[in-house]
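Under numbering that gives the first Met the number 0, the first residue of the sequence shown carries the number 0, and numbering increases by one thereafter.
Every residue gets a Cβ at the ideal spot worked out from N, C-alpha and C, and that includes glycine.
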Amino acid sequence: MRTLQNLFLSKPRISTTILLLILAQSALSQGAADVFDKYTSVGQLGMTVTNFGVLGNGWNRINGRILPSCQYKQHTENLREQVEHFSYAGLWIGGIVNGERRVSTAIVDGVFESGQEGFELVPTSGMEIKSSISSTSQDSMAQYYSPYAVSHQDLITDFKDYGENTLDNFGIPNHTPLGISVHLEAYAWNFTFADAFVLLNYTITNESDETIENMHSGIWTDASVANMNYTSRYEPGGGFTWYDNLDGFDRSVDGAGFNRDIGYQYDLDGDDGWAESYIGLKVLGSTVPRPYLRTHFNQWVWTTSTNTDYPDFGMPLNDSERYKQLSTSVRRGSGEGYTEANR
Ligand SMILES: [Ca+2]
Ligand SMILES: [Ca+2]
Ligand SMILES: [Ca+2]
């Protein structure tokens, strides 16, 4: 079986809402400390949201605890149901400035530290929490009650891809800023019918004096459907497996006639019943209406830029290649090794 990790979706431009179905360090600070210990806790999907564009926490210990990275379910005593879905994910934004392709990335393959290439977004605020839950007898989230909350748990933050000014790349190797700021609001609910997804609402603003043409945004995801309880996470090779995580792109049509366009991953053999849920990512809408709003899908093997078996599945190495990945879909294959779902 092939390991085909990392899926992302993209669309032409500003203000995206992305649905994470169950089925997703530190940056150089410019006035705001890194926040990486906040995650959606009201529903069953526990997903870490940081203030530097990264989602997930890589299952690193934070204050002695391993917090949910993208875990479903998080409120269950049944160890088999506690499935993780990604180590990290993060926002990519691409555009063309004076004919040059630029992509600003929260994270890329194999990068985990501030100052490294590909870690290009920095916080400009902390992490504000708002909740529409008002009764403390119902939920401790009520301490964050606000009449302006959208969901049971809004996580609200801001970041940008430049330093002192929109030309300043704060010394990150090969980083040419687009000069954009991003406002992110993540929404989660505890309703039993709405506790398996998180909505991510990004508002992207051009803060530079240049025109950014043909913008695309995407979510790079190191998807890894796995259960930490399957085998001992403290033994070599334990914790989880990723060799049979398979990716796909659901292009089936919904009742309203739109393509579902869900990028997804699952564990092929389900790890003896320990990893039987999917992760899916989907663009829900934007300020750009359909049909101008388009979705693309690409995948490649972690940190692997050349794939002799599947030449189209290669990790992009620079902003020009990243822009191509954001703005086009991987060619559909045929023949042995490729599968097509029945519609
Ligand atoms: Ca870049
Ligand atoms: Ca797996
Ligand atoms: Ca497996």
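### Task
Verify the contact flag: ASP246, CB atom, against every heavy atom of ligand 3, threshold strictly below 6 angstroms.
On the sequence shown, residue 246 is found 247 positions in, with the first residue counted as 1. Result no, Cβ not under 6 angstroms from ligand 3.
### Message
Assuming ASP266 is part of the beta strand (DSSP E), what are its boundary residues?
### Response
Taking the sequence shown and counting its residues from 1, one reaches residue 266 at position 267. Unbroken beta strand (DSSP E) run through ASP266: 261 to 266.
#### Entry: Cβ-Cβ separation, SER326 to HIS295 (assumed contact under 8 angstroms), whole Å
Along the sequence shown, read from residue 1 onward, the residue named residue 295 stands at position 296. Along the sequence shown, read from residue 1 onward, the residue named residue 326 stands at position 327. Contact between HIS295 and SER326 is confirmed by a C-beta separation of about 7 angstroms, below the 8 angstroms threshold.
### Query
Do you know whose CA, among ASN226, THR135, HIS215 and ASN62, lies nearest ILE343's CA?
As displayed, the chain neither begins before 0 nor continues past 342, which places residue 343 out of reach and without an answer.
### Message
Among SER134, ASN168, LEU183 and PRO176, whose alpha-carbon lies nearest the alpha-carbon of ASP153?
### Response
In the sequence shown, counting from the first residue as 1, residue 153 sits at position 154. Of SER134, ASN168, LEU183 and PRO176, the residue nearest in Cα terms is LEU183.
### Message
Assess contact between the segment 103 to 119 and the segment 69 to 80, defined as three or more Cβ pairs (one per stretch) separated by less than 8 angstroms. Is contact present?
### Response
Cβ pair count under 8 angstroms is below three, so no.
### Query
Buried or exposed: LEU267, going by 16 or more other Cβ atoms within 10 Å of its Cβ?
The residue labelled residue 267 in the question sits at position 268 within the sequence shown. With fewer than 16 other Cβ atoms within 10 Å, it is exposed.
### Query
By Cβ distance, which residues of its chain are closer than 7 angstroms to GLN29, with the 5 residues on each side in sequence left out?
Translated into the one-based positions of the sequence shown, residue 29 becomes position 30. Residue placement at GLN29 is flagged as unreliable, the pLDDT there being 49, under the threshold of 50; the coordinate-derived value follows with that caveat. Here the set comprises VAL121, THR123 and GLY162.
### Query
Do ILE65 and ASP36 have their C-beta atoms within less than 7 angstroms of each other?
For the purposes of this step, residue 65 is taken as residue 66 along the sequence shown, with counting starting at 1. For the purposes of this step, residue 36 is taken as residue 37 along the sequence shown, with counting starting at 1. For ILE65 and ASP36, no; Cβs fall outside 7 angstroms.
### Query
Does the beta carbon of ALA225 fall short of 6 angstroms from some heavy atom of ligand 2?
In the sequence shown, residue 225 corresponds to position 226, counting from 1. Within the cutoff, so yes.
### Message
Please state the DSSP three-state secondary structure of ALA141.
### Response
If you number the sequence shown from 1, residue 141 lands on position 142. Helix, per DSSP.
### Message
Give me, in chain order, the residues of the same chain whose beta-carbon lies closer than 7 angstroms to that of LYS10; leave out the 5 immediate sequence neighbours on both sides.
### Response
Here residue 10 refers to the residue found at position 11 of the sequence shown. For LYS10, the pLDDT reaches just 34, beneath the cut-off of 50, and the residue's location in the model is therefore unreliable, although a value from the coordinates is still provided. Same-chain partners within the cutoff: HIS215, SER216, VAL282, SER285, LEU292, ARG293 and THR294.
### Message
Does the beta-carbon of ASP271, which I'm using as the reference point, lie nearer than 6 angstroms to any heavy atom of ligand 3?
### Response
Taking the sequence shown and counting its residues from 1, one reaches residue 271 at position 272. Checking every heavy atom of ligand 3 against the Cβ of ASP271, none is found closer than 6 angstroms.
#### Entry: Three-state secondary structure (DSSP) of SER326
Position 327 of the sequence shown, counted from the first residue, corresponds to residue 326. DSSP, read as helix, strand or coil, puts SER326 in helix.
### Query
Out of GLN298, THR175, ALA193 and ASP311, which has the shortest C-alpha to C-alpha gap to ARG100?
Position 101 of the sequence shown, counting from 1, holds the residue named residue 100. Considering only alpha carbons, the answer is THR175.
#### Entry: Nearest-angstrom Cα separation, counted from THR135 out to GLY247
Walking along the sequence shown from the start, residue 247 turns up at place 248. Walking along the sequence shown from the start, residue 135 turns up at place 136. Taking the CA atoms as reference points, GLY247 sits about 42 angstroms from THR135.
### Query
When we look at the beta-carbon of THR307 and count the other beta-carbons within 10 Å, is it buried (16 or more) or exposed?
Translated into positions along the sequence shown, residue 307 becomes position 308. Here THR307 is exposed: its Cβ has fewer than 16 other Cβ atoms, across all protein chains shown, within 10 Å.
### Message
Which residue wins for smallest C-alpha separation from SER180, given the options THR204, LEU198 and VAL197?
### Response
Position 181 of the sequence shown holds residue 180. The residue from THR204, LEU198 and VAL197 with its alpha-carbon nearest to that of SER180 is THR204.
### Query
Where does the unbroken beta strand (DSSP E) through LEU280 begin, and where does it stop?
Counting from 1 along the sequence shown, the entry for residue 280 is found at position 281. From DSSP, the beta strand (DSSP E) with LEU280 extends over 278 to 285.
### Message
ligand 1 and ASP318: does the residue's C-beta get closer than 6 angstroms to at least one heavy atom of that ligand?
### Response
Counting from one through the sequence shown, the residue named residue 318 turns up at place 319. Correct: ASP318 has its Cβ closer than 6 angstroms to ligand 1.
### Message
Contact defined as beta carbons within less than 8 angstroms: I believe ASN347 pairs with ALA222. What is the distance between those atoms, to the nearest angstrom?
### Response
The requested residue 347 does not occur in the structure, where the chain is confined to residues 0 to 342.
### Query
With 16 as the cutoff for other CB atoms within 10 Å, does TYR242 come out buried or exposed?
In the sequence shown, the residue the question calls residue 242 occupies position 243. Its Cβ having fewer than 16 others within 10 Å, TYR242 is exposed.
### Message
DSSP three-state label for LEU350, please.
### Response
A question about residue 350 goes unanswered here, because the residues of the chain that appear run from 0 up to 342.
### Query
Do you know offhand how far ALA255's Cα is from GLY89's?
For the purposes of this step, residue 255 is identified with residue 256 of the sequence shown, where counting begins at 1. For the purposes of this step, residue 89 is identified with residue 90 of the sequence shown, where counting begins at 1. Near 30 angstroms, if we compare the C-alpha coordinates of GLY89 and ALA255.
### Query
Comparing the CB of HIS182 with every heavy atom of ligand 1, is any distance shorter than 6 angstroms?
As a working note, residue 182 is residue 183 in the sequence shown. No - ligand 1 has no heavy atom lying nearer than 6 angstroms to the Cβ of HIS182.
### Task
With a cut-off of 8 angstroms on the beta carbons, I'd call ASP160 and GLU119 a contact; round off their distance for me.
Translated into positions along the sequence shown, residue 160 becomes position 161. Translated into positions along the sequence shown, residue 119 becomes position 120. So it is a contact: roughly 5 angstroms between Cβ atoms.
### Task
Could you check the C-alpha separation between HIS229 and ASN97 for me, to the nearest Å?
As a first step, residue 229 must be located in the sequence shown, where it is residue number 230. As a first step, residue 97 must be located in the sequence shown, where it is residue number 98. Rather than His, the amino acid found at residue 229 in this sequence is Tyr. Here the C-alpha atom of TYR229 lies approximately 51 angstroms from the C-alpha atom of ASN97.
### Message
Relative to the C-alpha of PRO67, which candidate in PHE51, GLN43 and ASN50 has its C-alpha closest?
### Response
Residue 67 sits at position 68 when you count from the first residue of the sequence shown. Selected option, being the one with the closest Cα: GLN43.
### Message
Taking its Cβ as the centre, do 16 or more other Cβ atoms sit within 10 Å of LEU22, making it buried, or is it exposed?
### Response
The residue you call residue 22 lines up with position 23 of the sequence shown. Residue placement at LEU22 is flagged as unreliable, the pLDDT there being 32, under the threshold of 50; a coordinate-derived value is accordingly withheld.
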